[in-house]
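Student: In the working numbering, the protein residues as written are 1 to 132.
From the three backbone atoms N, C-alpha and C, an ideal C-beta is built for every residue, glycine too.
Note that the structure is predicted; figures quoted are calculated from it, not measured.
1) Within the continuous beta strand (DSSP E) that includes residue 13, where are the two ends?
2) Suppose the cutoff is 6 Å on Cβ atoms and the five residues either side in sequence are ignored; what does the same chain contact list for residue 96 look like?
3) I think residue 77 touches residue 52, with their Cβ atoms under 8 Å apart; what is that distance to the nearest whole Å?
4) Label residue 13 either buried or exposed according to how many other C-beta atoms from any shown protein chain fall within 10 Å of its C-beta, with 16 as the threshold for buried.
5) Could you spell out the range, first to last residue, of the beta strand (DSSP E) harbouring residue 25?
6) If you reduce the DSSP assignment to three classes, tell me which class residue 104 lands in.
7) So the candidates are 19, 31, 82 and 79; which of them puts its Cα closest to the Cα of residue 120?
8) DSSP state of residue 98, grouped into three classes?
9) According to DSSP, is residue 129 helix, strand or coil?
Shown next as structure tokens:
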């Protein structure tokens, strides 16, 4: 499993999370398709591309006060992006990519070491899909 460690100002610490990002908004106001954003964000944040994608879930992150939707994907058949055309992280992103066996990631979440909501949802779905 690929995870990214990044500093989060709101909580004052670096968190280990699944790769993710926001949908880009074009100059004409159109919002990026979530499927395209997922592919872009995976490459920008981890330097890999996936040959196989599966939509897992769409959920609200905090419906009590925000309308943000999160789109969760299961990306497999990973390969490094070509250096000559690889998408790079945003200028303000300082990411450390960490590989972890998925069972270890689930155990880390159970120990309270992974505390990002989208990552916990992703691990719940992954364990269900793979058969934990």
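Tutor: According to the structure shown:
1) 13-17
2) 5
3) 5 Å
4) exposed
5) Premise fails: residue 25 is in no beta strand (DSSP E) and is neither H nor E.
6) helix
7) 19
8) strand
9) helix
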